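Heads up: the structure comes next, in structure tokens.
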Amino acid sequence: MAAGAVITMIFIVYSSFVFKKQQSDRFEKNARMSTDLLTKAHPYISNTDSLTLGELEGKDVIVLFWATWSEKSALMMDQLELILSSEPDVTVVGALVKDATDTAEPVLSDHPFLYIDGTVLFNDLKVPGIPSLLILDTKGKVITTHIGYQEDIRESILDILRK
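The numbering of the sequence shown is the working numbering, which starts it at -19 and goes up by one.
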């Protein structure tokens, strides 16, 4: 009986890892295959204008999918701001999702990012969690995607950008 429980537990853990990997792969594939990633307009949170990611060509771009209720999003924002202080040719786009824009207003002045309503982009790319990152090179090509927060995220991103 105990052996059956152990086997079931191992199967559940394995299945969870496989599912998470599939979600991550799908997010990256959707980003790479998107035909309008650079051309679709996303409204800014704080005004009536909009932004296309294609407007940012010439700079490395980090799109952060975030929400005010996510503590890990706040930690990620702090790490991305540190990256901006050492990498002036990087632009961070904070794509707010699953949140009301009025709750985000107090956060907008805390970090020097461009803030958009990211709900449509989040859904189009089937981003599996918050916070998540989409990193584009200077030509707008997807370099990588990342799901979740980790302690060494800043170093990982800098390694990716400096390649």
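Where a beta carbon is used, it is the ideal one built from N, C-alpha and C, also for glycine. These figures come from a predicted structure and were not determined experimentally.
Looking at T124 and I110, is the spacing between their C-beta atoms short of 9 angstroms?
It is not a contact, given that the beta carbons lie outside the stated cut-off.
Once the 5 residues before and after K34 are set aside, which same chain residues still bring their CB inside 7 angstroms of it?
With the sequence shown as reference, residue 34 is identified as Gly, and Lys is not the correct amino acid for it. Taking C-beta separations shorter than 7 angstroms and ignoring five residues to either side along the sequence, the partners of G34 in its chain run L18, T19 and G120, following chain order.
Runs of beta strand (DSSP E) wholly within the segment 48 to 105 (minimum 3 residues, chain order)
Counting whole runs of 3 or more residues, the segment 48 to 105 contains the beta strand (DSSP E) stretches 70 to 76 and 94 to 97.
Taking the C-alpha atoms as reference points, what is the distance between L105 and A11?
Distance between the alpha carbons of L105 and A11 is about 6 angstroms.
Rounded to whole angstroms, what is the Cα-Cα separation between L36 and K0?
So the two alpha carbons sit approximately 31 angstroms from each other.
Closest to T81 by C-alpha separation, out of S30, S65 and I25, would be which residue?
Here the closest residue by C-alpha is I25.
Quick one: Cα of E61 to Cα of A(-18), how far?
E61 and A(-18): Cα-Cα distance of roughly 50 angstroms.
Determine the contact status of S30 and H22, defining contact as a CB-CB distance below 9 angstroms.
Yes, Cβ-Cβ distance for S30 and H22 is below 9 angstroms.
Should G150 and G38 be called a contact, given that it needs their Cβ atoms to be closer than 9 angstroms?
Any answer about residue 150 is impossible in this case: the structure gives the chain only from -19 up to 143.
Just to confirm, are T71 and V100 a CB contact at a threshold of 9 angstroms?
In this structure, V100 does not lie closer than 9 angstroms to T71 by Cβ.
Which word fits D58, buried or exposed, when buried means at least 16 other C-beta atoms lie within 10 angstroms of its C-beta?
Counting the other Cβ atoms within 10 Å of the Cβ of D58 gives fewer than 16, which makes it exposed.
Going by DSSP, what residue range makes up the beta strand (DSSP E) through S112?
Run containing S112: S112 to L116, per the beta strand (DSSP E) assignment.
Cα separation between V107 and Q3?
About 8 angstroms.
Going by C-alpha to C-alpha distance, which of W49, E135 and R6 sits closest to T83?
Out of W49, E135 and R6, W49 has the C-alpha closest to the C-alpha of T83.
Does the distance from the CB of I96 to the CB of L64 come in under 9 angstroms?
Cβ distance not < 9 angstroms, so I96 and L64 don't count as in contact.
Cβ distance (whole Å) where F102 is taken to contact F45 below 8 angstroms
Contact holds; Cβ gap of about 5 angstroms.
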